[in-house]
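The structure appears right after this line, and notes come after that.
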Amino acid sequence: MTGYGGPEHTVLTDAPTPVARAGELLVRVCAAGINPVDFKTRAGKLKIIRKYRLPVVMGNELSGVVEAVGPSVTRFAKNDRVFARVDKDFMGAFAEYAIVHQDHAARMPAALDFTAAAAVPLAALTALQALRDELQLAHGQRIFIPGGAGGVGTFAIQLAKRFGAHVATTASPRGEALVKRLGADVVVDYSRERFEEKLSGYDCALDLVGGDTLARVWPILKPGAHVVSVAGMPEPMTAYKDLGRGSGLAALFWLASLKTRRAAARRGASYRYLFMHPSGADLEYLAALIDKKQLEVVIDRIFPFDQAKEALAYVERGHAKGKVVLALDGAVP
Ligand SMILES: NC(=O)c1ccc[n+]([C@@H]2O[C@H](COP(=O)([O-])OP(=O)(O)OC[C@H]3O[C@@H](n4cnc5c(N)ncnc54)[C@H](OP(=O)(O)O)[C@@H]3O)[C@@H](O)[C@H]2O)c1
1 MTGYGGPEHT VLTDAPTPVA RAGELLVRVC AAGINPVDFK TRAGKLKIIR
51 KYRLPVVMGN ELSGVVEAVG PSVTRFAKND RVFARVDKDF MGAFAEYAIV
101 HQDHAARMPA ALDFTAAAAV PLAALTALQA LRDELQLAHG QRIFIPGGAG
151 GVGTFAIQLA KRFGAHVATT ASPRGEALVK RLGADVVVDY SRERFEEKLS
201 GYDCALDLVG GDTLARVWPI LKPGAHVVSV AGMPEPMTAY KDLGRGSGLA
251 ALFWLASLKT RRAAARRGAS YRYLFMHPSG ADLEYLAALI DKKQLEVVID
301 RIFPFDQAKE ALAYVERGHA KGKVVLALDG AVP
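Counted from 1, the sequence shown has number 249 at position 249 by our numbering; the numbering is strictly sequential.
Here's what the structure looks like:
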């Protein structure tokens with residue numbers, strides 16, 4: 001990425017091979033997942049949180065083979081097949097070689113090839129951390145997950161079902177069969193129906209859409225419900241807990257989320273915006289589910305590496321069903 005702005009700032013170029021420092025792995029990248037955060041970062045929408053020194057190598061998740069390990073690496077060795085959500089401060093997954101901290105990596109699920117493995121980390125960690133850690137989703141609860149057919153949604157539906165919840169989601173007719181196959185109990189066609197006229201009595205929601213969808217979620221919830229969004233407005237806890245920042249950013253987020261928090265309070269509900277975090281331990285948990293065939297990875301499209309710009313544009317159009325992945329030369333199993 002050569003600058004903040006549009007696709008013209010995504011450039012295929014030569015870059016020096018990075019060097020693994022203490023605790024880090026140098027990974028030969030075989031595939032990299034694409035996420036909305038990639039084009040949002042390029043557009044400068046996250047500058048308030050993190051500003052990159054340019055040019056910077058884009059890309060937030062990968063699968064590949066450990067090429068070398070830095071000092072004090074204990075958990076991995078050369079030739080291990082790994083997958084990871086890379087460090088947010090550095091990115092770097094859209095490259096032949098990338099750096100991953102050993103605490104952020106896990107061994108790839110044996111059942112997956114490189115392209116499928118690269119589709120897992122960011123979206124599946126987001127779903128897991130939202131459902132398990134923030135919502136503490138319990139057996140028998142009723143959860144609403146708007147936006148179920150995309151990268152995060154396809155993992156979130158399956159994990160929520162695994163935790164024993166009743167799941168309602170929204171999808172257009174293009175995604176309906178997919179979300180039903182993944183286990184959704186109720187599907188509202190968001191292109192034709194208003195979900196707040198169809199649903200009621202939900203214990204919690206995981207919002208993957210934001211905007212008007214989040215604004216309309218409150219009437220369907222029970223008093224005392226908890227809403228976690230990854231697509232709405234950050235709130236003060238986002239600054240403190242997820243970003244490790246102070247009261248300046250928290251005050252900005254307080255203001256940005258005021259309307260949403262007021263709507264929550266009127267319903268006797270609580271609102272939290274989550275930024276997911278990299279975690280090798282959580283990836284190990286997900287890999288075990290995948291290997292036991294208890295979690296399916298849904299791939300929409302695989303693009304060759306030299307079509308990164310086209311792949312980003314495809315995801316930016318907002319209609320992917322599951323995940324979109326870039327394949328490098330070594331991606332063939
Ligand atoms: N805070 C975090 O840590 C974090 C982490 C991951 C993702 N996110 C955010 O979460 C959001 C979802 O990410 P993602 O990777 O799942 O995106 P995605 O894969 O691009 O989502 C695409 C899907 O969303 C569906 N969709 C679009 N508009 C919708 C609507 N109004 N109602 C219901 N479904 C709708 C589309 O269905 P149709 O084609 O049928 O329209 C498509 O299947 C993004 O805003 C992303 O930036 C945040």
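We put the CB at the ideal spot given by N, CA and C, even for glycine.
Pairwise C-alpha distance: residue j and residue i
i, j, result
"residue 140", "residue 161", "10 Å"
"residue 328", "residue 33", "11 Å"
"residue 421", "residue 277", "Nothing in the structure corresponds to residue 421, since the chain is present only between 1 and 333."
"residue 43", "residue 35", "13 Å"
"residue 165", "residue 181", "16 Å"
"residue 188", "residue 122", "26 Å"
"residue 85", "residue 184", "27 Å"
"residue 254", "residue 50", "18 Å"
"residue 48", "residue 8", "22 Å"
"residue 205", "residue 295", "21 Å"
"residue 108", "residue 198", "40 Å"
"residue 261", "residue 66", "44 Å"
"residue 322", "residue 252", "33 Å"
"residue 153", "residue 314", "18 Å"
"residue 246", "residue 99", "28 Å"
Exposure label - residue i; buried when at least 16 CB within 10 Å
i, result
"residue 304", "exposed"
"residue 104", "buried"
"residue 193", "exposed"
"residue 15", "exposed"
"residue 11", "exposed"
"residue 380", "Residue 380 lies beyond the stretch modelled for the chain, which goes from 1 to 333, so this question has no answer here."
"residue 102", "buried"
"residue 71", "exposed"
"residue 60", "buried"
"residue 89", "exposed"
"residue 212", "exposed"
"residue 266", "exposed"
"residue 333", "Caution applies to residue 333, whose pLDDT of 47 falls short of 50 and renders its modelled position unreliable; the value that the coordinates give is listed next. So residue 333 counts as exposed."
"residue 331", "buried"
"residue 170", "buried"
"residue 226", "buried"
"residue 257", "buried"
"residue 19", "exposed"
"residue 22", "exposed"
"residue 24", "buried"
"residue 136", "exposed"
Residue range of the unbroken alpha helix (DSSP H) whose run includes residue i
i, result
"residue 282", "280 to 291"
"residue 316", "308 to 316"
"residue 264", "258 to 266"
"residue 117", "114 to 118"
"residue 110", "Premise fails: residue 110 is in no alpha helix (DSSP H) and is neither H nor E."
"residue 39", "36 to 42"
"residue 125", "121 to 128"
"residue 212", "211 to 215"
DSSP three-state assignment for residue i, whether helix, strand or coil
i, result
"residue 272", "strand"
"residue 72", "coil"
"residue 9", "helix"
"residue 62", "strand"
"residue 328", "coil"
"residue 143", "strand"
"residue 249", "helix"
"residue 333", "With a pLDDT of only 47 at residue 333, under the threshold of 50, the placement of this residue in the model should not be trusted; the figure read from the coordinates follows. Coil, per DSSP."
"residue 303", "strand"
"residue 88", "coil"
"residue 132", "helix"
"residue 241", "helix"
"residue 49", "coil"
"residue 319", "coil"
"residue 277", "coil"
"residue 16", "coil"
"residue 336", "No answer is possible for residue 336: it lies beyond the span of the chain, which begins at 1 and ends at 333."
"residue 223", "strand"
"residue 208", "coil"
"residue 26", "strand"
Boundaries (first-last residue) of the beta strand (DSSP E) holding residue i
i, result
"residue 152", "Element bounds for residue 152: not the beta strand (DSSP E) but the alpha helix (DSSP H), 151 to 162."
"residue 85", "81 to 85"
"residue 175", "No beta strand (DSSP E) holds residue 175; the alpha helix (DSSP H) holding it covers 173 to 181."
"residue 99", "97 to 101"
"residue 104", "Per DSSP, residue 104 belongs to no beta strand (DSSP E) and is neither H nor E."
"residue 382", "With the chain running from 1 to 333 in the structure shown, residue 382 is simply not present."
"residue 185", "Unbroken run through residue 185: none, as it is neither H nor E."
Interface flag, residue i vs chain C, CB-CB below 8 Å
i, result
"residue 118", "The chain labelled as chain C is not found in the depicted structure, where only one protein chain is given."
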